[in-house]
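Numbering (the numbering used here), first residue to last: 1 to 209.
All C-beta atoms in this analysis are idealised placements derived from N, C-alpha and C, irrespective of residue type, glycine included.
To keep things clear, I will list the structure first and then write my remarks on it.
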């Protein structure tokens, strides 16, 4: 299975608030950040570390570990931006490379309009960030990009996923694990997750002008 559903009462509580149509924009942004940080914590359990010695207030040269691996965060614009800062607050060493995908509302297919991903990702760990895995097309396209450039390990961080989207994405990238807080059953005719939480980008940043 390419999914890892992180089940925890704290996450479930925040997800309920995110789903609620009465949740205002400021609260929604805070909740997206909190959930993103918790998911990243779970997704990066095997993050590379190195052994070090530190002097504590009561002892010299105490053994300890520090993170030594730099994670490349790839947020899919625009909604993925709402996840980045919280992940950086949890993960000590990160870099950020943006990918912009524009969805055709008629075909539900997306095209790249911004690509700031390094050309050589050999040996790198990449985490693609998108709050909503709906049809699976945008996430698959972003992962196409980073795997084609040689990323050693790729994971996807999504707050909410759909069963159809996971099927599409899993067929395209069976080796990429999706970490999410919940999986919903279906999509509506416009490609939104049902019951979902609406358009994450609009609820984070307001409707496009």
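{"Asked": "Any 3 or more C-beta pairs closer than 8 Å across the stretch 95-102 and the stretch 38-56", "Found": "no"}
{"Asked": "Counted within 10 angstroms of its Cβ, other Cβ atoms place residue 196 as buried (16 or more) or exposed", "Found": "buried"}
{"Asked": "Beta-carbon spacing of residue 128, residue 112 below 8 Å", "Found": "no"}
{"Asked": "With 16 other Cβ atoms within 10 Å as the buried cut-off, status of residue 14", "Found": "buried"}
{"Asked": "Beta strand (DSSP E) segment containing residue 103, residue limits", "Found": "99-103"}
{"Asked": "Span of the alpha helix (DSSP H) around residue 33", "Found": "25-43"}
{"Asked": "Chain-order list of residues whose beta-carbon lies under 6 Å from that of residue 18 (same chain, five-residue window excluded)", "Found": "31, 197"}
{"Asked": "Limits of the unbroken beta strand (DSSP E) element including residue 184", "Found": "182-184"}
{"Asked": "Cβ neighbours of residue 205 in the same chain (closer than 7 Å, five flanking residues each side left out)", "Found": "78"}
{"Asked": "Proximal residues to residue 81 (C-beta, below 6 Å), its chain only, five neighbours per side dropped", "Found": "75"}
{"Asked": "Proximity of residue 184 and residue 194 at Cβ, strictly below 8 Å", "Found": "yes"}
{"Asked": "Residue 58 versus residue 65: straight-line alpha-carbon distance, rounded", "Found": "18 Å"}
{"Asked": "Per-residue burial, residue 93 [other beta carbons within 10 Å of its own, 16 or more giving buried]", "Found": "exposed"}
{"Asked": "Start-to-end residues for the alpha helix (DSSP H) that takes in residue 138", "Found": "137-148"}
{"Asked": "Short Cβ contact (8 Å threshold) for residue 165 with residue 190", "Found": "no"}
{"Asked": "Bridge-paired residues (DSSP) for residue 127", "Found": "73, 155"}
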